[in-house]
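Numbering (the working numbering), first residue to last: -5 to 91.
Each residue gets a CB set at the ideal place from its N, CA and C atoms; glycine is no exception.
The structure appears below as structure tokens.
Written as structure tokens, this is what we have:
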């Protein structure tokens, strides 16, 4: 499998989880979000959200910036659009059934 194919598989595996997909959809607004906030109230424990953030970061979907005690997460949209054109737009359009 080519490196690009392997990277795409990792990205798709990361967003296959409904919570991680919702995180990506939230971050698609183009603004960085603090890791602690009401926009992450998905009905799961904080440790579970930390796990989901890590999976997205390791798959290359997000970037986390730490300033003091504040952790900010943002979608790596420009890089993802360059590598996988149309993917983020398609993910944003996914509706929960």
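How close, in whole Å, do the beta carbons of residue i and residue j come, if the pair is a contact with beta carbons under 8 Å?
| i | j | result |
| --- | --- | --- |
| residue 55 | residue 8 | 6 Å |
| residue 40 | residue 65 | 12 Å between Cβ atoms; not a contact. |
| residue 15 | residue 85 | 7 Å |
| residue 46 | residue 17 | 6 Å |
| residue 78 | residue 5 | 7 Å |
What is the DSSP secondary structure of residue i, counted as helix, strand or coil?
| i | result |
| --- | --- |
| residue 69 | strand |
| residue 46 | helix |
| residue 37 | coil |
| residue 63 | coil |
| residue 84 | helix |
| residue 91 | Confidence at residue 91 is low in this model, with a pLDDT of 42, below 50, so the placement of that residue is unreliable and no value is reported for it. |
For residue i versus residue j, is the C-beta distance shorter than 8 Å?
| i | j | result |
| --- | --- | --- |
| residue 33 | residue 25 | no |
| residue 38 | residue 13 | yes |
| said: Runs of 4 residues minimum, wholly inside the segment -4 to 25: which ones carry the alpha helix (DSSP H) assignment? | reply: -3 to 9, 12 to 21
- Pairing CB atoms from the segment 15 to 25 with CB atoms from the segment 48 to 62, are three or more of them under 8 Å? yes
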